[in-house]
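Protein chains in written order, with my numbering: chain A, 7 to 548; chain B, 995 to 1219.
C-beta atoms are modelled at their ideal positions from N, C-alpha and C, and glycine is treated no differently.
Remarks on the structure that follows.
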């Protein structure tokens, strides 16, 4: 047995590693930085679960229906059923390993209401649910490190999967300290590398989630799914370093969106959708802000200092710290920003890709959220996906023989060294910047065929340029070699958005504003003979 | 604004100071400023010479991941939460954390933090509701970023060989509060690697970006000793 390789150490990666170790498998957990730096720590809201005897009439069936409906019926019923049926046990598991959940006045784990859901089922840990879960899972991983079942490898970045005859045998890893590539053989590889933020420059998420693994593996024959579905969060604040999320709680507490027209405040959401207009779903609010074509503000000042301090202190602190805005007196300038990727690796019910023994979990996999994700379902899916993949791997028997990839390793090491031995200062950051501008312009909240075609042309040009340039020798090698994968993924995302000639969930086309029956299936894209081939999913998942 | 940065190309190479002139917006954090310096066509130092891009670590850029810990004008801080306008002068000096080996420029290897927690088996195992029902305290302690700022300011922490610092004390507290059965073994490790060596300067409390009440963690653990 060569054990299991898990790439990425956020919540989904740690969940997979822990369950593998519980089932007696040896795991190598690979990431450039420790789990505290993962995007998982930024998940604030909560985790959905239906527990028996919840006393509020909530059922697993309602959770399934809410999830399928939220995803515009593109997610598989069987997979969503598994996720929702497993939610109660996952919550119990997270409690059992010591996650500090918030409790109500009776000492019972507390729940909050989230948008698009028929019942209150979102359990939370103050304003930092993701962080608290990460802290608990890190300790649990440590327990298995002590037993010798999990080995963490830091300063290590994914480079390439070792694939032969449709089977994955491990991965090439770039070690940032030694500056060399290394082959790590494994009987199964689990990708847990998060979303695709770098395609859009600065988003609400982590700079570490860049989509490289999806782009690179796509070139290696792995199929991707539903890439056109990208969730925008309607209310984010521009700061000098990134777009900061202004939580839905601000509107939940009564915050009002408006723009100014000839000195008059226009509460456009209320005018169009009535009193609850500010609390419409994320895609609707984002689209309305976009269509307003004006500077939009979120006002909470009328709630009064006391209420603001008590109910939304973290929003008050964030605006004061990063922008010097006193929200008890001033409105918050907001705009939508890329927040979550429903698309990613196409996987089956067990989280396996079309390459045997190559699995994907967490945000990098596309399985449960369909065309749009419900708040509170991403943390649930991260843990559930990790457990499911681990369970499947542990259930497989047989000795694996790995073909040699040594010649390949030497060749790639030489290539990297050669590309790096240059005085070139051609900044990769520049190309990434240009890519972000293209994606934001041509793959925004409202899309159309003409813009998408323009975007594809621009990204093709960037791909051509990137192929010729040498590496910027003063930045970390990963930043250089990841560029081609990132650009490839961007090209695939644009192709999927162009392919889906309808509007559904988070994908809105001004030239095809209606939902069309002919597109009631997920999009699958593959790379064959230098071509990006997009189509609707067939019955066998292909 | 003048910016001076202590740089180092590789783990073993010699550190050197390099100056830059920053002329971007001033209502920005040090993280934003580093991005600004790096994202020009060429990066030019204050002598007008092209130089390498400045290496630094970041992930969340909003004070919840601990990646960008560095020493800014003598104060160990998170770059994404330290603002130019609060520096009170027109010059800014940045160096990497001193208590950890440098990988590249401002990027340091903080694995000693995790190694020490691993060596001493600091994990909860199975949660048992115990006498400590102070969930607010447990919640705050679990917010620790493992950024290393508390170790940087600590007069007792050198290289993490014997004394493990506040980051260790807070994790010890969580484990003892969440699993009373482990209290006994935890207090031995805590005594050996923290209590015996702490001279209570409490600089760790002031510098913690998560405002973790380390003193309260210590008080509870000391009571168990």
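- For residue 120 of chain A, the number of other beta carbons within 10 angstroms of its own is at least 16, and it is reported as buried.
- In the DSSP assignment, residue 343 of chain A falls within the unbroken beta strand (DSSP E) covering 338-347.
- Contact check for residue 1164 of chain B against residue 1189 of chain B fails: the beta carbons are separated by 8 Å or more.
- Looking at A:521, A:356, A:73 and A:348, the one whose alpha-carbon comes closest to that of residue 391 of chain A is A:356.
- At a C-beta separation below 7 Å, residue 1117 of chain B has these neighbours in chain A: 145, 146, 148 and 149.
- The DSSP assignment places no complete run of the beta strand (DSSP E) inside the region 78-144 of chain A (cut-off: 3 residues).
- Residue 483 of chain A and residue 189 of chain A have their C-alpha atoms spaced approximately 17 Å apart.
- With respect to chain B, the C-beta atom of residue 39 of chain A has a partner C-beta closer than 8 Å.
- For residue 78 of chain A, same chain residues with a beta-carbon under 8 Å away, outside a window of 5 residues either side, are 376, 377, 378, 510, 511 and 521 in chain order.
- Using a Cβ-Cβ cut-off of 8 Å, residue 272 of chain A does not count as an interface residue toward chain B, since no Cβ of chain B sits closer than that to its own.
- Residues of chain B whose Cβ lies closer than 9 Å to the Cβ of residue 101 of chain A are, in chain order, 1121.
- Listed by position along chain B, the residues whose Cβ is nearer than 9 Å to that of residue 186 of chain A form an empty set, because the closest Cβ is around 14 Å away.
- Counting only runs of 3+ residues, the beta strand (DSSP E) found wholly inside the region 238-264 of chain A occupies 249-251, in chain order.
- In terms of Cβ geometry, residue 234 of chain A and residue 465 of chain A do not form a close pair [threshold 8 Å].
- Inter-residue distance for residue 1127 of chain B and residue 1095 of chain B is about 39 Å (C-alpha atoms, whole angstroms).
- Residue nearest to residue 1169 of chain B within the set B:1132, B:1194 and B:1205 is B:1132 (criterion: CA-CA distance).
- In the three-state reduction of the DSSP assignment, residue 32 of chain A falls in the coil class.
- The beta-carbon of residue 478 of chain A is placed less than 8 Å from the nearest beta-carbon of chain B.
- Distance from the CA of residue 259 of chain A to the CA of residue 252 of chain A, rounded to the nearest whole angstrom, comes to 13 Å.
- Any Cβ of chain B closer than 8 Å to the Cβ of residue 159 of chain A would place that residue at the interface, and such an atom is absent.
- Among the CB atoms of chain A, none fall inside 8 Å of the CB of residue 1082 of chain B.
- Taking all protein chains in view, the Cβ of residue 1009 of chain B is surrounded by fewer than 16 other Cβ atoms within 10 Å, so the residue is classified as exposed.
- DSSP places residue 315 of chain A inside the alpha helix (DSSP H), whose first and last residues are 311-317.
- Pairing residue 10 of chain A with residue 396 of chain A, the inter-Cα distance amounts to about 9 Å.
- Residue 1097 of chain B belongs to the set of residues whose beta carbon lies under 8 Å from a beta carbon in chain A.
- Residue 97 of chain A is positioned such that its CB atom lies closer than 8 Å to that of residue 129 of chain A.
- Straight-line spacing of the CA atoms in residue 106 of chain A and residue 148 of chain A works out to 18 Å.
- In this structure the region 1081-1090 of chain B does not lie against the region 1133-1142 of chain B, because fewer than three pairs of beta carbons, one per stretch, are closer than 8 Å.
- Under the Cβ distance rule, residue 1021 of chain B counts among the residues neighbouring chain A, one pair being separated by less than 8 Å.
- A Cβ-Cβ separation of about 6 Å places residue 1014 of chain B in contact with residue 1039 of chain B under the 8 Å criterion.
- Rounded to the nearest angstrom, the gap between the Cα atoms of residue 254 of chain A and residue 241 of chain A is 8 Å.
- Interface annotation, residue 1203 of chain B: not in contact with chain A, CB-CB separation never under 8 Å.
- In the displayed model, residue 150 of chain A falls within a helix according to three-state DSSP.
- Taking residue 502 of chain A as the centre and dropping the five residues before and after it, the same chain places the C-beta of 233, 234, 529, 531 and 540 closer than 6 Å to its C-beta, in chain order.
- Taking C-beta atoms as the reference points, residue 1100 of chain B and residue 1046 of chain B fail to come closer than 8 Å.
- About 17 Å separates the CB atoms of residue 345 of chain A and residue 247 of chain A; that is not less than 8 Å, and the two are not in contact.
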